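One structure below.
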Amino acid sequence: MADKISWGIIGLGRIARKFAADLHQVPTARLAAVASRDTDKAIGFASEFGAARAYGSYKELLEDKAVEVVYVATPHSFHLEHSLMALHSGKHVLCEKPLAINAGQVAQLQKAASETRIFLMEAMWSRFNPSIRETLQRVKSGQLGKPSYLRADFAFPALDRDPSGRLLNPELAGGSLLDIGIYPVFLAYLFMGMPYEIKTVAHFGATGIEQQIGMVFKYPEAVALLYSGLSSRSGLSAEISGTLGSIYLDPPWYKTDGYQLQIGEEPSQISLPAQEKGFLYEIEEVHHCLQNQQRESNLWSLEDSHNLLTILDRVREAAGISFPGESAG
Ligand SMILES: NC(=O)c1ccc[n+]([C@@H]2O[C@H](COP(=O)([O-])OP(=O)(O)OC[C@H]3O[C@@H](n4cnc5c(N)ncnc54)[C@H](OP(=O)(O)O)[C@@H]3O)[C@@H](O)[C@H]2O)c1
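Each residue of the sequence shown is one higher than the one before, starting from 1215 at the first, in the working numbering.
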């Protein structure tokens, strides 16, 4: 493998810009090419972020032999199609969350990654945040005793946005759940595993998308309270407590710079500032895997993505959330 890993980005929207900025901060990464459905947009993006080549179609980028790994940054409903295209073109893939819109589609991607023997990972960037990694270790090593309670929220006002945009458009799997509700659900899965019972309450908006959802997950000896919404702001806070102590992640918890640990009466504040926009940790994880010939991350595996989408499928079923023309993969 060359001294630098060559990346390509397809779908040059809001997250692609943030990701490209962080890619520059990783010394072993090079932005080789970017692709948009619009050539001028690709050229502008390439000149702003220093990409060597700009393409007016995703297919052309996937034919570029210099590109080793592709970051898929298109709306959720295209993740299956674009990740499959990339895998079948022989490119390693980091695909934005959710890896696909349901567990059946994730299974299809798992199969393709296994058959092509190519690396694939969901860009669940919070998994690689230093505080989330450290607090998980604390919980797993029993410092909090037996986990009993987890609470996490993620909401911001967005109902005034373009109804055809990906947040409010059902055709693009819009709604709060797959966009931001996925984070509280991820946290509950990471710390507590698979719930055996799920209850939900949800409201739906003018375009038919779910616009806010409260979720209660039941585990053998624990409960998680989760919330996401597009109708108002929330504190972006998260906590987990066990029989011996508690952890309070500093807001915004999904990209937190630290946490409070309370064992007994005395709280202590732990500071672990996340670097740059917080995406470079997932980029470093991809590099680590490729350098070690791993086809999956040990920290966020394809089984983890499948489990996460399985839980989200169950939440959707409980709340009555469906997307038009959805295929099960
Ligand atoms: N990790 C995070 O913090 C984070 C934050 C935000 C979003 N995301 C994820 O990233 C993905 C993209 O989100 P975003 O906020 O960047 O969305 P966005 O601003 O709407 O950009 C998505 C891009 O996808 C491309 N695209 C291809 N087909 C499209 C279609 N039919 N309609 C609209 N766009 C289409 C477009 O790029 P071209 O015009 O260049 O082809 C568009 O600019 C989502 O799955 C989301 O969950 C992650």
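C-beta atoms are modelled at their ideal positions from N, C-alpha and C, and glycine is treated no differently.
Every value quoted in this text rests on a predicted model; they were computed, and no experiment measured them.
Hey, out of Asp1252, Leu1516, Phe1233, Thr1253, whose CA is closest to Leu1245's CA?
Phe1233
Is any heavy atom in ligand 1 found nearer than 7 Å to the beta carbon of Glu1480?
no
Going along the chain, which residues of its own chain have a beta-carbon closer than 7 Å to the beta-carbon of Gly1428, five neighbours each way excluded?
Excluding residues within five positions, the ones whose Cβ falls inside 7 Å are Thr1414, Val1415, Tyr1441.
How about Gly1222: is its Cβ closer than 7 Å to a heavy atom in ligand 1?
no
Taking only heavy atoms of ligand 1 into account, decide whether any of them is closer than 7 Å to the Cβ of Ala1337.
yes
Going by the DSSP bridge assignment, what does Gly1443 pair with across the sheet?
Ala1369, Gln1426
May I ask you to list the residues that DSSP assigns as paired with Cys1309?
Val1286, Glu1336
Could you have a look at Lys1491 and say whether DSSP puts it in helix, strand or coil?
coil
Would you mind stating whether Tyr1403 and Leu1522 have Cβ atoms separated by less than 8 Å?
Taking 8 Å as the Cβ cut-off, Tyr1403 and Leu1522 qualify as a contacting pair.
Which residues in the same chain as Lys1273 place their Cβ atom closer than 6 Å to its Cβ, once the five residues preceding and following it in sequence are excluded?
none
Rounded to the nearest angstrom, what separates Ala1321 and Ser1515 at their Cα positions?
12 Å
Report the option in Ala1420, Gly1356, Gln1351, Pro1371 whose CA atom is closest to the CA atom of Pro1377.
Ala1420
Are the stretch 1356-1369 and the stretch 1450-1460 touching, with three or more C-beta to C-beta distances below 8 Å?
yes
Could you give the residue range of the alpha helix (DSSP H) that holds Lys1413?
No alpha helix (DSSP H) contains Lys1413, which is instead part of the beta strand (DSSP E) from 1411-1418.
Using alpha carbons as the reference points, say which of Ser1536, Glu1496, Ser1541 lies closest to Leu1335.
Per the sequence shown, the amino acid found at residue 1335 is Met instead of Leu. For Met1335, the nearest C-alpha among the options comes from Glu1496.
Whole-angstrom Cβ separation of Ala1268 and Val1281, contact assumed at under 8 Å?
About 12 Å separates the two Cβ atoms, so there is no contact after all.
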